[in-house]
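If you number the sequence shown the way full-length UniProt numbering does, the last residue is 238 and the count never jumps. Just so it is clear, CB atoms sit at the ideal spot from N, CA and C, and this is done for glycine as well. The structure under discussion appears below in the form of structure tokens.
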Amino acid sequence: MTTGGAPGGADLPGPTDAELLRAHVEGDPLAFNELVRRHRDRLWAVALRTIGDREEAADAVQDALLSAHRAAARFRGDSQVTTWLHRIVVNACLDRIRRRQAHPTVPLPDGSHADKGGTGPEPAAPAHDHDTALVVRAALAELPPEQRAALVLVDVQGYAVVEAAQILGVAEGTIKSRCARGRARMAVALKHLRTGVDPEPARDRDHSGNQAGEERVSTGSSSAAGPHPGPGDRGEQP
């Protein structure tokens with residue numbers, strides 16, 4: 001969205017994310033759609049990598065955007081709008097992961113369902129790396145949800161640690177700890193890719209008993225100004 005009138009025919013920048021969100025709150029029927037258009041691909045990628053299932057990811061993004069649409073008036077502006085949106089999407093993903101753990105199903109090997117197509121572009125490996133990508137995705141899915149979310153943001157999506165901390169509403173040291181622990185678990189799970197030896201059966205989670213990550217990141221934007229460990233983070237060290 002741009003506005004004309006600049007010297008030499010150059011377009012001026014369009015409204016910022018914050019301006020679009022404010023316009024939505026004030027009743028502009030198109031503002032939220034433009035905000036979604038700007039960020040939907042990255043939100044979708046985060047959801048897909050966090051959940052590992054196209055249909056579940058699409059539903060999580062839809063739920064999150066509906067929540068953001070309704071909660072826009074409560075956004076206080078002390079974090080970036082994109083941080084706020086990502087936080088809501090991650091919360092929706094973690095909710096679905098916990099529900100899925102309570103009522104497990106058996107997805108197809110590619111993490112999709114046969115009867116429905118996905119929504120949005122899926123981050124995909126080249127065809128010759130497809131089998132390896134499936135193995136990596138399966139190993140990622142075995143991580144505790146909070147470690148998986150941190151790895152997706154930092155290692156897959158390329159967010160800086162400080163940005164991931166803002167999105168998840170925790171301290172930077174907690175993000176570093178989760179990433180380190182997640183990478184260590186992934187290294188063990190993927191060791192056979194280097195050695196050619198089939199992996200041993202997966203053991204139950206980590207030694208601390210951390211399984212489902214019983215936490216939910218705050219959707220209040222104030223957490224971005226000073227992220228702090230949540231209830232499930234007290235035992236983690238940078």
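| Query | Result |
| --- | --- |
| Using only the alpha-carbon positions, how far apart do residue 167 and residue 151 sit? | 13 Å |
| Counting only runs that start and end within the UniProt domain "RNA polymerase sigma-70 region 2" (35 to 101), where is the alpha helix (DSSP H) found for 4 or more residues in a row? | 54 to 71 |
| Measuring only the C-alpha atoms, how far is residue 148 from residue 97? | 11 Å |
| Between the segment 51 to 59 and the segment 33 to 40, do at least 3 Cβ pairs fall closer than 8 Å? | no |
| Between residue 141 and residue 44, what straight-line distance do the alpha-carbon atoms span, to the nearest angstrom? | 17 Å |
| Under DSSP, the alpha helix (DSSP H) around residue 157 begins and ends at which residues? | Per DSSP, residue 157 belongs to no alpha helix (DSSP H) and is neither H nor E. |
| Tell me whether residue 28 sits in a helix, a strand or coil according to DSSP, three-state version. | coil |
| Assuming residue 68 contacts residue 85 (C-beta within less than 8 Å), just tell me the rounded distance between them. | 6 Å |
| In chain order, what residues of the same chain have a beta carbon less than 8 Å from the beta carbon of residue 106, not counting five sequence neighbours either side? | Low local confidence applies: a pLDDT of 47 at residue 106 is under 50, so the model's placement there is unreliable, with the coordinate-based value given in what follows. No residues qualify anywhere along the chain. |
| Please say whether residue 72 and residue 21 have beta carbons closer to each other than 8 Å? | yes |
| First and last residue of the alpha helix (DSSP H) that includes residue 143? | Neither: residue 143 is in no alpha helix (DSSP H) and is coded neither H nor E. |
| DSSP state of residue 21, grouped into three classes? | helix |
| Can you tell me whether residue 190 is helix, strand or coil according to DSSP? | coil |
| Does DSSP classify residue 16 as helix, strand or coil? | coil |
| Tell me the rounded alpha-carbon separation between residue 202 and residue 180. | Low confidence applies here, because residue 202 scores a pLDDT of 47, under 50, leaving its location unreliable; read the following figure in that light. Distance between the alpha carbons of residue 202 and residue 180 is about 19 Å. |
| Whole angstroms are fine: how far does the CA of residue 101 sit from the CA of residue 186? | 20 Å |
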